[in-house]
Amino acid sequence: MVWIFFQGNCRRNLYFRHVQGNRPRNPLETAVWWAEHVIKTGGAPLARSHSIDLPWYIYHSLDVIATLLLGLLIFLSGWIWFIRRLLFGFTSKTQVPTQKIKQN
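Structure follows, in structure tokens:
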């Protein structure tokens, strides 16, 4: 049982040793390797920000701001209408026509 455990560890360690040994040793070689890697692969397209492809109004959240302002305007208009109806009553402002007196 112990031998199987160590054998599995040895295989994993050999794999990591191979991967680590495949990389350059000193920092200058590492920097050169990364520069060459980026040139070969064309950079990292997955690391590129998605905000580059967004339209300007979505990037600055203007669509969200406009929606919130419209909702606020509708809400406040409703409250103003309701309060005016409470203060001035629910009656309409129709005037009763008065009879005109004929003057010569």
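When we follow numbering that gives the first Met the number 0, the leftmost residue of the sequence shown carries the number 0, and every step to the right adds one.
Cβ coordinates follow ideal geometry from the N, Cα and C atoms, glycine included.
Check residue i in the structure and name its three-state DSSP category.
{"i": "residue 70", "result": "helix"}
{"i": "residue 97", "result": "coil"}
{"i": "residue 0", "result": "Confidence is the limiting factor: at residue 0 the pLDDT is only 49, short of 50, which leaves the residue's position unreliable, though a coordinate-based value still follows. It is coil, neither helix nor strand."}
{"i": "residue 53", "result": "coil"}
{"i": "residue 77", "result": "helix"}
{"i": "residue 83", "result": "helix"}
{"i": "residue 47", "result": "coil"}
Which first and last residues belong to the alpha helix (DSSP H) in which residue i is found?
{"i": "residue 34", "result": "26-40"}
Leaving aside the five residues before and after residue i along the sequence, list all residues of the same chain whose C-beta is less than 6 Å from its C-beta, in chain order.
{"i": "residue 61", "result": "none"}
Quick check: what's the CA-CA separation for residue i versus residue j?
{"i": "residue 55", "j": "residue 77", "result": "32 Å"}
{"i": "residue 88", "j": "residue 75", "result": "19 Å"}
{"i": "residue 41", "j": "residue 9", "result": "36 Å"}
{"i": "residue 50", "j": "residue 70", "result": "26 Å"}
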